[in-house]
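Beneath this line is the structure, given in structure tokens, with notes to follow.
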Amino acid sequence: MQTLLLTHPAFARHDTGSAHPERPARMEAIDRALAVPAFAGLRREEAPLREDVEAQILLAHKPAYRDRLRALATDPAALPTHLNPDTVMSAGTWEAALRGVGAGLRAVDAVLDPDSGLRNAFCQVRPCGHHAEPDRAMGFCLFSNVAIAALYARRRHGLERVAVVDVDVHHGNGTQRIFWSDKNLFYGSTHQMPWFPGTGAVSERGVGNIHNAPLKAGDGSDAFREALGERIVPALHDFRPDLILVSAGFDAHADDPLGRLRLQAADFAWATNLINAVADRHCGGRVVSMLEGGYKLDTLAACAAVHVTGLMDGAK
């Protein structure tokens, strides 16, 4: 069995400006890290521009919101523009956003196909997704890639229980909001708090399906491993997922400029192995990981590399 890597040159054409932390160079850094012989065993595909992608977006987003972004994309005079102070839409953004959603859909199809030879997948995409709410962009994010993929897995493939585990330094308010009232969708998050976007308290429980394990500024490996291993993973075992998706943000690394946690690349390797173990027990090892944050290029590349290595090890 193999790991699927999905990416596309269009992701580098989402132009946020040279001073923006969520910039095209992030893709180039990961490309270089995954170009070495250790990753020759990946199955590589281009993130698709699917005919059904705009319809699938509506699994998680309001039609008026999708239509507003499409209208902006087809009006060159309106671009580039800021959807809010930190989220940019440029001439290349619409295609990138659609391919980002499409990557998640393709990854779900692939890992759920018993004849694909693929056990798990990493979607190297931008813009990020976990802050996007049903009716608004937020925090560099336009569409909730991971939530759309989770809902698609249920709608298209008939899965009953789908989980998202989020290790970004920022809480995934959008994923939480979309999952809030559905007991068959699990959201578990480790994140810095207080920090942007201001959500993610332990008391935010939805219908018992939301599991937040916040960390404080300065926390490092021990606190992270306790939060994920002792608080989120036991709840994930109780949930018995049919598929696990990962919001793979690497900005909790000690060197990242957008967070104040103290993780190292080894912590993301450990987390990947832990998630693989849960997936092996409950869902045949099926994991779909989607890139979220990570803004210092060398540490982003190193963390993505150990994460993909862990996925490849889990696929064997």
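Heads up, the sequence shown is in the UniProt record's numbering, so the first residue is 1 and it goes up one at a time.
For every residue, glycine included, the Cβ atom is placed at its ideal position computed from N, Cα and C.
Please read these numbers as outputs of a predicted model, since none were measured by experiment.
Should E39 and M312 be called a contact, given that it needs their Cβ atoms to be closer than 9 Å?
Looking at the sequence itself, residue 39 is Phe, so the reference to Glu does not match. Yes; because the gap between Cβ atoms is below 9 Å, this pair is in contact.
If I measure Cβ to Cβ from A78 and keep anything under 6 Å in the same chain, skipping five residues before and after, which residues do I get?
Correct list, in chain order: L72.
On a CA-only basis, which of V165, V125 and A302 is nearest P24? Give me that one, please.
For P24, the closest C-alpha among the options V165, V125 and A302 is that of V125.
Once the 5 residues before and after A315 are set aside, which same chain residues still bring their CB inside 6 Å of it?
M1, Q2, T3, R119 and N120
Tell me the residue span of the alpha helix (DSSP H) that contains R44.
From DSSP, R44 is part of no alpha helix (DSSP H) but of the beta strand (DSSP E) over R43 to E46.
Near A302, which residues of its chain fall below 6 Å by C-beta distance, leaving aside the five closest residues on each side in sequence?
Apart from sequence neighbours up to five positions away, the residues of its chain that approach A302 with a beta-carbon distance below 6 Å are A265, ordered along the chain.
Could you pull the DSSP bridge partners for D166 from this structure?
S189 and S247
Three-state class that DSSP yields for H61 in the structure shown:
coil
From the DSSP output, in three-state form, read off C283 for me.
coil
List the DSSP bridge partners of V88.
H82
Alpha carbons only, please: which of D75, V278, W94 and M138 is nearest the one belonging to V164?
V278
Looking at C-alpha atoms only, which residue of R106, S144 and F250 is the closest neighbour of R156?
R106
Which first and last residues belong to the beta strand (DSSP E) in which I210 is found?
I210 to L215
Stretch-stretch touch, CB-based, cutoff 8 Å, three pairs: the segment 55-74 with the segment 136-150:
yes
Going along the chain, which residues of its own chain have a beta-carbon closer than 8 Å to the beta-carbon of L263, five neighbours each way excluded?
G220, S221, F224, A252, H253 and A254
Is N120 helix, strand or coil by DSSP?
strand
Determine the contact status of H307 and A213, defining contact as a CB-CB distance below 9 Å.
no
Backbone secondary structure at V125 - three-state DSSP:
coil
Quick test of your reading: P127 and G100, contact by CB under 8 Å. State the CB separation rounded to the nearest angstrom.
7 Å
Let me confirm a value: S181 is counted as buried when at least 16 other C-beta atoms fall within 10 Å, else exposed. Which label applies?
exposed
Quick check on K216: buried or exposed, where buried means 16 or more other Cβ atoms within 10 Å of its Cβ?
exposed
Cutting at 6 Å between CB atoms, please list the residues of its own chain near W94, excluding the five before and the five after it.
These residues qualify, in order along the chain: A73.
Is A302 near the ligand GTP, with its Cβ less than 8 Å from a heavy atom?
The ligand GTP is not among the ligands present in this structure, which contains no ligands whatsoever.
Under the assumption that L98 contacts L42 (Cβ atoms under 8 Å), give the Cβ distance between them as a whole number of angstroms.
Between L42 and L98 the Cβ distance is about 23 Å, and since that is not below 8 Å, they are no contact.
Where does the unbroken beta strand (DSSP E) through T3 begin, and where does it stop?
Q2 to T7
Pick out whichever of E28, P80 and T7 has its Cα sitting closest to the Cα of R44.
T7
Return the residue from the list V111, L142 and R260 that minimises the CA-CA distance to F196.
R260
Boundaries of the alpha helix (DSSP H) in which M312 is found, first to last residue:
L297 to A315
Determine the DSSP secondary structure at V36, reduced to helix, strand or coil.
Collapsing the DSSP output to three states places V36 in coil.
Rounded Cβ spacing between residue 319 and T87 (contact assumed at less than 8 Å):
Nothing in the structure corresponds to residue 319, since the chain is present only between 1 and 316.
Express the C-alpha separation of D75 and L267 in angstroms, rounding to a whole number.
Residue identity differs from the one stated: residue 267 is Asp in this sequence, not Leu. Their backbone Cα atoms lie some 44 Å apart in a straight line.
H282 to V162, Cα distance in whole Å?
11 Å
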